[in-house]
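To keep things clear, I will list the structure first and then write my remarks on it.
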Amino acid sequence: MKLLEGKTAIITGASRGIGRGIAQVFAQQGANVAFTYNSSVEASNQLEKELQALGVKAKGYKSNAANFKQALDLVDYVLEEFGTIDILVNNAGITKDNLLMRMSEDDFDRVIEVNLKSVFNMTKAVQTTFLKQRKGSIINMSSVVGVKGNAGQTNYAASKAGIIGFSKSIALELGSRNVRSNVIAPGFIETEMTAKLDENQVKEWRKAIPLRRGGSPEDVANVCLFLASDMSSYVTGQTIHVDGGMLT
Ligand code: NAP
């Protein structure tokens, strides 16, 4: 039996990287998938086709996760098109790294808006639907950096730590209505986001990870699948580290 048969998921930022991996795993497990992107129209069209070929309903929406109105509109469109929403994955995220000394106010604000305010926007937007149907699984993508901090990433670390506090609070607010809210904290996952990093630095990191490799989008997607499915029906308010043992 497929774990997400008959369920509908919204995944933000799925045109590439981890979000794309989640969309693929969800569709393989029978979920209908509505996903968003910021500017990658072609990649989105391509993914739409790939998911549809797996026999599920799939549609990509250009929607800026940082914009509250666009989040509300997105949920309306998805409800119209798919009829229901069971799973929300807040995955869209960006980095604008710099030491605090050199970080502009704009780079701080932008990262907080895309990474953290987006989680507020989307959670608000699906809340009524989840409460009415007395079920829903929210999965928020944080990072080891949100747990541990990282020099040169004050904006990113603050946004990712904020996600953990937000998600735990939602677990407390909505638990009585069977709405669950959990966080995934990936370590070093090899995507376009990490392709920007210095290769020598990356080699050092791989050596320092207990499992001796960077993670793949699929590694993260499989944990997402567990949290999205009824296999995790008694799990809420948690942060699951998918980091090859990095923070152990
Ligand atoms: P990525 O390869 O850079 O992909 C980012 C995705 O987010 C793209 O689909 C992008 O769409 C979308 N996006 C960016 N800004 C957006 C916005 N304003 N509205 C809607 N969508 C937007 O990143 P990734 O490595 O897959 O990371 C995915 C998530 O995991 C992020 O939250 C990241 O912080 C987190 N994470 C990643 C790692 C890692 O090692 N890679 C580690 C820990 C946590 P476009 O293609 O249209 O730009």
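Sequential numbering from 0 applies to the sequence shown in the numbering used here. Ideal Cβ positions, reconstructed from N, Cα and C, are used throughout, including at glycine.
When C-beta atoms of the region 25 to 44 are compared with those of the region 3 to 15, three or more pairs fall below 8 Å, so the two segments count as touching.
In this model, G243 and S231 are separated by some 21 Å (Cα to Cα). Of the candidates T247, Q23, M0 and Y233, the residue whose Cα lies closest to the Cα of S136 is Y233. When C-alpha distances from L3 are compared across D85, A57 and P216, the shortest belongs to D85. At least one heavy atom of the ligand NAP sits closer than 7 Å to the Cβ of N37.
DSSP lists I10 and G59 as the bridge partner or partners of F34. Taking non-hydrogen atoms of the ligand NAP into account, the C-beta of S62 is found less than 7 Å away from one of them. Rounded to whole angstroms, the separation of the alpha carbons of I239 and T193 is 20 Å. Sixteen is the threshold: since fewer than 16 other Cβ atoms of the shown chains lie within 10 Å of the Cβ of T247, the residue is exposed. Not one heavy atom of the ligand NAP lies closer than 7 Å to the C-beta of A33. In this structure, the beta-carbon distance from A52 to S117 does not fall below 8 Å. For G145, there is no enclosing beta strand (DSSP E); the residue is part of the alpha helix (DSSP H) that begins and ends at V143 to K147. DSSP places M0 in the coil class of the three-state scheme, outside both helix and strand. Burial of V219 is indicated by the presence of at least 16 other C-beta atoms within 10 angstroms of its C-beta. A contact between stretches requires three or more CB pairs, one per stretch, nearer than 8 Å, and the region 9 to 18 meets this requirement with the region 81 to 96. In the three-state reduction of the DSSP assignment, T193 falls in the helix class, which pools H, G and I.
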